[in-house]
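Asker: Take this structure, written in structure tokens, and hold onto it; I'll ask about it next.
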Amino acid sequence: MKFKEFGSTGMRVSQITLGTWGMGDVGWDHYDESTRVDAIRTAVDCGINLIDTAPAYNNGAAERVLGRALAQLGVRDKIFISTKCGHLFVDGKVYRRDGSRETVRRQCEESLRNLQTDHVDLMLIHWPDPNTPFEETMDTLNELKKEGKILHVGVSNFSIEQIEEAGKYGLIEAIQPQYSMVYTQQEELIRWAHSKGMACMTYGSLGGGILTGKIRQVREYDPTDSRNRFYKHFQEPLFSEAMKVVGVMDEISQAHNGVALSQIALNWSFQKEYVSTCIVGAQTKEKVLENCAAADWSLSDKEVARLDEAVRTYQAHTV
Ligand SMILES: NC(=O)c1ccc[n+]([C@@H]2O[C@H](COP(=O)([O-])OP(=O)(O)OC[C@H]3O[C@@H](n4cnc5c(N)ncnc54)[C@H](OP(=O)(O)O)[C@@H]3O)[C@@H](O)[C@H]2O)c1
7 MKFKEFGSTG MRVSQITLGT WGMGDVGWDH YDESTRVDAI RTAVDCGINL
57 IDTAPAYNNG AAERVLGRAL AQLGVRDKIF ISTKCGHLFV DGKVYRRDGS
107 RETVRRQCEE SLRNLQTDHV DLMLIHWPDP NTPFEETMDT LNELKKEGKI
157 LHVGVSNFSI EQIEEAGKYG LIEAIQPQYS MVYTQQEELI RWAHSKGMAC
207 MTYGSLGGGI LTGKIRQVRE YDPTDSRNRF YKHFQEPLFS EAMKVVGVMD
257 EISQAHNGVA LSQIALNWSF QKEYVSTCIV GAQTKEKVLE NCAAADWSLS
307 DKEVARLDEA VRTYQAHTV
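Residue numbers (my numbering): 7 to 325.
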């Protein structure tokens, strides 16, 4: 496994962060708990030391799976946990933003219970809530920090302006934006955050799975599936353009004895100096092993340039 400093937090984190959105059982394939525990055990064995979750991932279900797994495996002290606040999944149907003091406090207490821990290493505001002043949310997080319930604060899905505003009320040490070869819209924000000393954990690092090359045709997904609404490149007109990026990845894979495409996607991101760690959702041991092998090799400068070119072409067709 490769590691990088995580901004100013003093944490040194693995190239891959294990993501648990799918483990909440929303719009993803379903696995039994022993398969998921096996994936988490494998991740820890491979050197992954950061696991990302959120109360919004099926109303705490993902946190509870993770909490049970960490307790069962006895590995809480080997990993950092990032979870989130200020975003609710209501009635198993709709997401709602709520950064109020009451909700942030309640969610933090519930997360600690779900995760079977006395602190979370990183607490992120999941989405900016336009109806609550950032001052209120940040004040609450500062209090939770003083109480030792959270160690560091970060934000997800915030713009530069929103980070600057929230940053007036407390230290923001990490960002969590979407970033991959099929989603580079946040690159300016990521570079800016890096210049300010913040850590960056990217989500959708495999483009929700499209950058594994295992999906080559447009498919129908369940109406609640994130590949219908959240990751727009699973549908046309983006899908065909994304397949051209995958085509370039295929050629690079051949030059590396047929290496898994997921590893190319993860190395492309991690080799950017401004990416600290790539979050990857994977719920089986086999996928975790395949992804972690990215750390065993690197893309050449020429290959990165080739992929960058493919990404620029993709972007030009998508903006
Ligand atoms: N802050 C936010 O707003 C936000 C938003 C989205 C995601 N996130 C975080 O980022 C994490 C990752 O994002 P994501 O899960 O949406 O997208 P992702 O990691 O880009 O893709 C996950 C998908 O790729 C599949 N996959 C993983 N490794 C694979 C492999 N080697 N071969 C084939 N398929 C593979 C997974 O399959 P299986 O699930 O079947 O194993 C899953 O369907 C989430 O779990 C969550 O922690 C945060």
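For each residue, glycine too, the CB sits at the ideal point set by N, CA and C. Source: prediction; values computed, not measured.
My understanding is that Ile46 touches Leu79, with C-beta atoms under 8 Å, so please give their C-beta distance in whole angstroms.
Answerer: Rounded, the Cβ-Cβ distance is 7 Å, consistent with contact.
Asker: Taking C-beta to C-beta, are Ala60 and Ala49 nearer than 8 Å?
Answerer: The answer is no: Cβ separation not under 8 Å.
Asker: Nearest by alpha-carbon distance to Gln241: which of Ile258, Met255, Glu257, Arg222 is it?
Answerer: Considering only alpha carbons, the answer is Arg222.
Asker: With DSSP as the reference, please indicate the residues paired to Met207 in a beta bridge.
Answerer: The partner list for Met207 (beta bridge, DSSP) reads Thr283.
Asker: Tell me, please, whether the region 99-110 touches the region 184-199 by the rule of three or more beta-carbon pairs shorter than 8 Å.
Answerer: No: the two stretches stay apart, fewer than three of their Cβ pairs being nearer than 8 Å.
Asker: What is the rounded straight-line gap between the Cα of Gln269 and the Cα of Ser20?
Answerer: Roughly 14 Å between the two C-alpha positions.
Asker: Could you name the residues of the same chain whose beta carbon sits closer than 8 Å to that of Asn273, not counting the 5 residues immediately before and after it, in chain order?
Answerer: Same-chain partners within the cutoff: Ala300, Trp303, Ser304, Leu305.
Asker: Leu217 to Leu244, Cα distance in whole Å?
Answerer: Spanning the two alpha carbons is a distance of roughly 13 Å.
Asker: Counting pairs of Cβ atoms below 8 Å between the region 85-103 and the region 125-140, do you hit three or more?
Answerer: Flag = yes, the region 85-103 and the region 125-140 touch.
Asker: With a floor of 4 residues, list each alpha helix (DSSP H) that falls wholly inside the region 7-86, ordered by position along the chain.
Answerer: For the region 7-86, whole alpha helix (DSSP H) runs of length 4 or above, ordered along the chain, are 39-51, 67-79.
Asker: When we look at the beta-carbon of Ser246 and count the other beta-carbons within 10 Å, is it buried (16 or more) or exposed?
Answerer: Exposed: under 16 other Cβ atoms inside 10 Å.
Asker: Rounded to whole angstroms, what's the CA-CA distance from Ala75 to Val43? Just pull it up for me.
Answerer: So the alpha carbons of these two residues sit roughly 5 Å apart.
Asker: Evaluate Lys308 with the Cβ neighbour count: other Cβ atoms within 10 Å of its Cβ, from every protein chain shown; 16 or more gives buried, anything less gives exposed.
Answerer: Classification of Lys308: exposed, given that the 10 Å Cβ count is below 16.
Asker: Across which residues does DSSP place Ser186 in a beta bridge pair?
Answerer: Ser186 pairs with Tyr189.
Asker: So for Asp104, helix, strand or coil by DSSP?
Answerer: Coil at Asp104, not helix or strand.
Asker: For Thr324 versus Glu179, is the C-beta spacing smaller than 8 Å?
Answerer: Not closer than 8 Å, so no.
Asker: Cutting at 8 Å between CB atoms, please list the residues of its own chain near Glu194, excluding the five before and the five after it.
Answerer: Here the set comprises Ile166.
Asker: Taking Lys99 as the reference, which of Gly176, Ser201, Ser232 has the closest Cα?
Answerer: Nearest of Gly176, Ser201, Ser232 to Lys99, Cα basis: Ser232.
Asker: Let's see if you can read the secondary structure: which residues bound the beta strand (DSSP E) around Asp127?
Answerer: 126-131 is the span of the beta strand (DSSP E), which, as asked, contains Asp127.
Asker: Could you compute how far the alpha carbon of Ala261 sits from the alpha carbon of Val254?
Answerer: Cα to Cα, the separation comes out at about 11 Å.
Asker: Taking 7 Å as the limit between beta carbons, can you name the residues of its chain near Ser275, skipping five residues before and five after?
Answerer: Excluding positions up to five away in sequence, the list reads Tyr185, Ser186, Thr208, Ser211, Val281, Cys284.
Asker: When you measure from the CB of Ile285 to every non-hydrogen atom of ligand 1, does any distance come out below 7 Å?
Answerer: Checking every heavy atom of ligand 1 against the Cβ of Ile285, one is found closer than 7 Å.
Asker: Take Gln192 and list the residues in its own chain whose beta-carbon comes closer than 8 Å to its own, dropping the five residues that flank it on each side.
Answerer: If we look at Gln192 and ignore the five residues flanking it on each side, its Cβ neighbours are Pro183, Gln184, Tyr185.
Asker: Since Leu5 and Thr26 should fall inside the 8 Å C-beta cutoff, what is the C-beta to C-beta distance between them, to a whole number of angstroms?
Answerer: No information on residue 5 is available, as it lies outside the stretch 7 to 325 that the chain covers here.
Asker: Skipping 5 residues on each side, what residues in its chain have a beta carbon closer than 8 Å to that of Val310?
Answerer: Around Val310: Trp274, Gln277.
Asker: Please indicate yes or no: does the CB of Asp124 lie closer than 7 Å to some heavy atom of ligand 1?
Answerer: Incorrect: Asp124 has no Cβ contact closer than 7 Å to ligand 1.
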